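Colleague: Residue 22 is where the sequence shown starts when you use the numbering used here, and the numbers rise one by one after that. C-beta atoms are modelled at their ideal positions from N, C-alpha and C, and glycine is treated no differently. All of these numbers come straight from a predicted model, not from anything done at the bench.
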Amino acid sequence: MSNEALATKPQSRLASLFYRPPFVGLVAFVIVFVVQALGHTVMIVMEDVWPGEQYVYQSAFAMGLLGAALLFVGMKNGNEVAATWYGFWAGTFLWTGWIEFSFVWSANYLGVPDLMDPVVAGAIATKAEYLVMMSSIGIMGATLAYFLLNKETKCNFFIFFQRHLKLRTGKPTHG
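1. What runs of the alpha helix (DSSP H), each 4 residues or longer, lie entirely inside the region 56-127?
2. According to DSSP, is T164 part of a helix, a strand, or is it coil?
3. On the DSSP letters alone, give me the boundaries of the beta strand (DSSP E) that A146 sits inside.
4. Which residues share a DSSP beta bridge with L186?
5. According to DSSP, what are the bridge partners of L136?
6. Is it buried or exposed, G99, if we count other Cβ atoms within 10 angstroms and call 16 or more buried?
7. What is the rounded straight-line gap between the Cα of L47 and the Cα of A58?
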C-alpha cells in the first residue's frame, strides 16, 4: 500500500475493519462485476436504440477513443487513487468499444450465424460475437504466459503465481 493510500486510511472503527484484505478486494470485485453488466447493457443500447444499427461501429470507435484518452490522463496523474479510477474506466471503455465490438464486426464480416436454441424455436442461445470470442483463447493463453514469465512485472496476481509455482526468472532490471 502506498504512503498516499495509508495517509487516507479511515479512522473510524467500522471503516478500519473493512479497510483491509479481503474486504477491499471483494468490494473491487463487486464493482467490476456490476460495471461489466452495465457495459453489456450499453452494448445492447448502442446496437438497438442509440445511435442505431447504422452507426454502431462509429460509436464503438468513439467509446474506445474515450477509453484511450482516459488511459492517457490516468497515466499522467500523480494521485494513485485517481489514476486507478481513470484506468478502471479506461479499460471498461476500451474493452466495450474496441474489443467487444471488434468481435461483433468479425462475426458479421465472416458471416457467423447466431447459435439458435434447439429447445425454443426462434430463440437465440448465443450471439455470433460470443462464438467468435471463443476463438481468441490462444491469444489469451500466449498473453498470460508472457506476463506469468515476465520478470519485470509488478502485478501482485502474477507475482503470487511466480512465487508459488517457483517461476522466478531472475531479478528485474534496474534503471
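Modeller: Let's see:
1. Here the runs fully enclosed are 77-97, 101-115.
2. helix
3. Start and end: 145-147.
4. Partner(s): none; L186 has no beta bridge.
5. In the DSSP secondary-structure assignment, L136 is bridged to T147.
6. exposed
7. Going from the Cα of L47 to the Cα of A58 covers about 17 Å.
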